[in-house]
Amino acid sequence: MSETSERTFKVDLLARVEGEGRFWLRLDAQGRVSEACLSIFEAPRYFEALLRGRSYEEVPDMVARICGICPIAYQLGAARALERALGLDPPSAGIRALRRLIYCGEWIESHALHVFMLHAPDFLGFDSAIAMAATHRPLVERGLRIKKVGNRIMEVLGGRAVHPVSPRIGGFSRTPTPDELRALRPELARALDEADESVDWAATLAMPDHPQDYLFAALLDDHYPLEWGDAIVLGDGRGSATTIAVDDWLEHVEEQQVPHSNALQARVRASGQPYLVGPLARINHHAAKLHPRAQRALARSGLRLPVDNPHRSILVRLVEIVHALAEAIDLIDAYVRRVEPAFVEPGSLAPAIGIGCTEAPRGLCWHRYELDARGHVVDARIVPPTSQNQARIERDLVGIAPSLLALPHDEATRMCERIIRAYDPCISCATHFLRLEIER
Amino acid sequence: MIRVIALGNPHRGDDGFMLALAEQVCADDPRVELISAGRPGLGLLDLLDTTQRVLLLDVVVSGAEPGTLHERELAELPLRPLASTSSHGQGPAEVLALGLALGRLLPRGELLGVEAGHFEFGQPISPALLVRRDALAERLRERIDALVHTGTPCTNPDSSAV
């Protein structure tokens, strides 16, 4: 290999991602990667420590504050874990359906925000959504309409879109009337048509070809995974997969603190391999469980399974938006009688541990709580999706390094940033610590 | 009737001040549609999609003394691009810029912004704001009266950047 000079590609403040992070990719004189780092410098927020000593009843409201984009992921993951710790019966089918519906709302608004406001500018050659809006106004307006519909679902079920107030242990403090949900149907139907149009639009986009060798992890459920699952499937999307109980997940993967980031990184214990959670993992493991409308969208999209190019995540998110909208309509059509609000009190309290896992828009969101005899939190462990994807993002940067050598420096740097953005990282969610040592 | 949109986060120190002020002044005023919007991000575009006159209330950071009142016509607000922010950074200036880029019409109205002192999580509102609360409440009432009765533009524009 001919020698070149050492090169460093870096961005000190990533644009169009949720939260604050930087990256650097260093190549030596022979073009080999000497360092690939995604550095999350957003301050840790110590939620797991804040929860200690709190009553189980307070946990859903507190963990909702971890994220304003995906609060439901934290509320429902916590609720599931605490319901198990408290020995409660699983929620009724009606409550599960409402949980699934509010989670559809979150997927719709989160995915729409990323697709249209954060990711689309990369494909159209713009630095910002505002610059893009000047010449692609119908596209941006369509994205805002779709996002708004997702927010509306969360408002009707949750009381408000940001940090919903109604999700509770056992169910909801208030459930909607059938009329309240039916009133959403016309705008959901319009958004579904627009989501389908958006799949067709995204299928025409030129996408860099950066296939990666992924290990995908997604929740396992009878349906396309969302609000429920007792096992996780870990595999390459090509037929080789292992099923792991949610309760055993941290026996198979390990979180590690790294010097360059305030967010932990996760790897498979046995192999040290990073893994990927999120839309690509879900569609590669569970495409057959997509709503029929989403199946047709997938067929039109040009995607071939397994999807192994992170740039194609924009199409996958759009297919998942179609799925969530179509499923939301089905759930609303089936809601003919108001489900009773459920605010369940446990019969007795005892020290216990409970684990719950759901599929946040960005992937697996895993919760573990230990309670004392009064139902107060002794220990909390929350493993967010972006934290789990960090090591995989760095591996992707290593993977694309050879293709960067021939590019002008600025273009190569932008390509690195595009790779990171393709993951839709929620950096603010990812900042949690194992240990904090203070030297005085 | 006019629409008062109050922005802020009650858990972050002074960021909750205008929410509380709006509630104090507007809650029982039948002329006002009060929307305590929190930090709605892009949702602010929908809240501004109205034919009513709008009073937008928020805390601001400009370097002025905490408690300083800034008053601007909505159409005169300095705008910021969405270029480098996540949704966490989508404040009124950024969202208004997006609205204009989309060709949306701004409603007639004003921003009343109070200079914040701190945004510390879980901490109380700064004394510098609390000591001015009554005066700021009176000014808010004056602006509500003006917009309801005449639609008169604010006569005390602050020259500081918001």
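Line order of the protein sequences matches chains A and B. 367 is the number that the numbering used here gives to position 379 of the first sequence; each next residue is one higher, with no gaps. 34 is the number that the numbering used here gives to position 48 of the second sequence; each next residue is one higher, with no gaps. For glycine and all other residues, C-beta sits at the position ideal for the given N, C-alpha and C. Small disclaimer: the values here were computed from a predicted structure and weren't measured.
query	result
Identity of the residue in I141/A, Q18/A, L132/A and S161/A nearest I83/A by Cα	S161/A
Burial state of P48/A (16 or more Cβ within 10 Å)	buried
Segment limits, beta strand (DSSP E) that includes W237/A	Per DSSP, W237/A belongs to no beta strand (DSSP E); it is in the alpha helix (DSSP H), W237 to H240.
is_contact[A83/B, chain A] using C-beta, thresh 8 Å	yes
Rounded straight-line distance, which links the Cα of G2/B to that of L34/B	20 Å
Any chain B beta carbon closer than 8 Å to R125/A	yes
Cβ of K135/A within 8 Å of any chain B Cβ	yes
Under 9 Å by beta carbon: chain B residues contacting V150/A	G24, R25, P26, G27 and G29
Pick from Y212/A, A191/A and A206/A that is closest to G223/A, judged by C-alpha positions	A206/A
Length-filtered (4 minimum) alpha helix (DSSP H) runs lying within the region -2 to 24 of chain B	3 to 12
Buried/exposed call for V307/A, threshold 16 Cβ in 10 Å	buried
Per-residue DSSP class, three states only, for L355/A	Inspection of the sequence shows that residue 355/A is occupied by His rather than by Leu. In this structure, H355/A counts as strand in the three-state DSSP scheme.
Inter-stretch contact at 8 Å, needing at least 3 Cβ pairs: the region 78 to 90 of chain B / the region 117 to 133 of chain A	yes
C-beta neighbour in chain A for G89/B, strict 8 Å	yes
C-beta atoms of M50/A and L64/A nearer than 8 Å	no
Inter-residue Cα distance where the pair is V366/A and S43/A	10 Å
K135/A to D32/B span [Cα, whole Å]	11 Å
Neighbour flag for D35/B against chain A, beta carbons, 8 Å	no
E8/A burial status per 10 Å Cβ neighbour count (16 or more: buried)	buried
C-beta contact flag for C58/A and E94/A at 8 Å	yes
Closest residue to A73/A among A368/A, H397/A and L278/A (Cα-Cα distance)	A368/A
Beta carbon of R0/B nearer than 8 Å to that of I111/B	Correcting the residue type first, residue 0/B is Asp in the shown sequence and not Arg. Yes.
Within-8 Å CB hit, A171/A to chain B	no
Of the residues V144/A, S98/A and F111/A, the one placed nearest G131/A, counting alpha carbons only	S98/A
Residue nearest to H299/A in terms of C-alpha spacing, selected from C414/A, I28/A, A108/A and E347/A	A108/A
Below-8 Å beta-carbon distance, L132/A vs any chain C residue	The structure shown has no chain C; the protein chains it does contain are A and B.
Burial state of D188/A, where buried means 16 or more other Cβ atoms lie within 10 Å	exposed
Proximal residues of chain A, C-beta to C-beta of D32/B below 7 Å	K136
Interface flag, I302/A vs chain B, CB-CB below 8 Å	no
Contact with chain B by A330/A, beta-carbon distance below 8 Å	no
Within-8 Å CB hit, I118/A to chain B	yes
Bridge partners - L207/A, DSSP secondary structure assignment	I220/A
Inter-residue Cα distance where the pair is Q253/A and V241/A	10 Å
In DSSP terms, what W12/A is bridged to	K(-2)/A and C25/A
Contact list for the region 250 to 261 of chain A against chain B, Cβ threshold 7 Å	none
Residues that DSSP places opposite F498/A in a beta bridge	Residue coverage of chain A in this structure runs from -11 to 428, which leaves residue 498/A outside it and unanswerable.
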